[in-house]
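Below: the structure, in structure tokens.
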Amino acid sequence: MQPYEKNNKRYEDGFTLIEIAIVVVIIGLLLGGVLKGQEMIRNARAHNVADQGNAVKAAILGFSDRYRALPGDYAAALNNIPGLTGVEQNGDGNSRIGFNDSATPGTPDSANRLRELGLTWLHLARSGFISGNYLGTEFGATDEANWSCPTDTCLTNAFNGALIIAYDDEQTGLSTVADQARSNQLWSGRGIPIEIIAELDRKVDDGHPGSGSFRVSDGFIGAAVGNVGHLCADDGAATPAAPDMTATWPQRWAIVSQVTDCGGVYQF
234 MQPYEKNNKR YEDGFTLIEI AIVVVIIGLL LGGVLKGQEM IRNARAHNVA
284 DQGNAVKAAI LGFSDRYRAL PGDYAAALNN IPGLTGVEQN GDGNSRIGFN
334 DSATPGTPDS ANRLRELGLT WLHLARSGFI SGNYLGTEFG ATDEANWSCP
384 TDTCLTNAFN GALIIAYDDE QTGLSTVADQ ARSNQLWSGR GIPIEIIAEL
434 DRKVDDGHPG SGSFRVSDGF IGAAVGNVGH LCADDGAATP AAPDMTATWP
484 QRWAIVSQVT DCGGVYQF
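Okay, so the sequence shown: first residue is 234 according to our numbering, each after it adds one.
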């Protein structure tokens, strides 16, 4: 600003209230555009994960309808799915992906489980229900607990987390029965930011982490399970804490935690 003289006094030009108001409005519009853009990106990423989950569930149902069996568990896979190479790529046909009825009651046979978990995506791909080239490699001893997968064996989500299909009770629930009920289920893959998984739950289910057909995994509510252990859902208190699984159960997605590594479970 250039000073000038009037009546032998020096004055300086300044901004008028109108000019200041215009600048404030412009800044507000820019900030609003940025926030709206972030919301659109979040919604798009949630849609991406939701669409993938729906497509996988449709593929599993299509496989089941064609073969009257489940991917990974199909006992006659070698005879009926093109491109398989040996009987070790058959499942045991008990309608439970990764569960051996001859094992100790309530406990899956480890070797059978790790093998069937590795076969699920191979069966789906070779039968034409999904695209991709999957090796069908048997899971390692710690893969399941870490929500990880051998190289080129599993489909991955938009955040590079491995999707897993298994007979298990990985979900949380609003009662002991709901929490411990085993079923064939699809794990979303880890690495999903908290705001994305909360939006995903609202899109595909009821928005509640402890109920419905999509729930937070019990490995993502504060207790460490393998390499997993984040507060993705809390007890709903004014001061959020990990849910007491004998009393409060997960009440809400813990958005305030800003965790970037969450995972959920689709039950079917």
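Using N, Cα and C, we set each Cβ at its ideal position, and we do this for glycine too.
Computed from a prediction, not measured in an experiment: that's the story for all the values here.
- Between the alpha carbons of Ala283 and Ile427 lies a distance of about 14 Å.
- Linking Ala254 to Leu263 through their CA atoms gives a straight-line distance of about 14 Å.
- Residue state for Ala374 is assigned as coil, using DSSP reduced to three classes.
- The Cβ atoms of Asp434 and Arg415 lie no closer than 8 Å to each other.
- The residues Trp354 and Leu396, in chain order, have a CB closer than 6 Å to that of Leu388 in the same chain once the five nearest residues on each side in sequence are set aside.
- Burial is judged here by how many other beta carbons sit within 10 angstroms of a residue's own beta carbon; Asn312 has fewer than 16 and is exposed.
- Excluding residues up to 5 positions away in sequence, Gly351, Trp354, Tyr367, Leu368, Gly369 and Thr370 lie with their Cβ nearer than 7 Å to the Cβ of Thr386 in the same chain.
- Note on geometry: alpha-carbon atoms of His356 and Glu321 lie some 12 Å from one another.
- Judged by DSSP in its simplified three-state form, Trp420 adopts strand.
- Note on Val498: 16 or more other CB atoms within 10 angstroms of its CB, so buried under the neighbour-count rule.
- About 17 Å separates the beta carbons of Gly305 and Gly286, which is beyond the 8 Å limit, so they are not a contact pair.
- Within the DSSP secondary-structure output, Val449 pairs in a beta bridge with Gly497.
- Around the beta carbon of Pro442, 16 or more other beta carbons lie within 10 angstroms, which makes this residue buried.
- For the options Ile425, Ala279 and Ala487, the alpha carbon positioned closest to that of Thr472 is the one of Ala487.
- In this chain, the beta strand (DSSP E) harbouring Ala399 covers Ile397 to Asp401.
- Gly452 and Asp468 have their C-alpha atoms roughly 15 Å apart.
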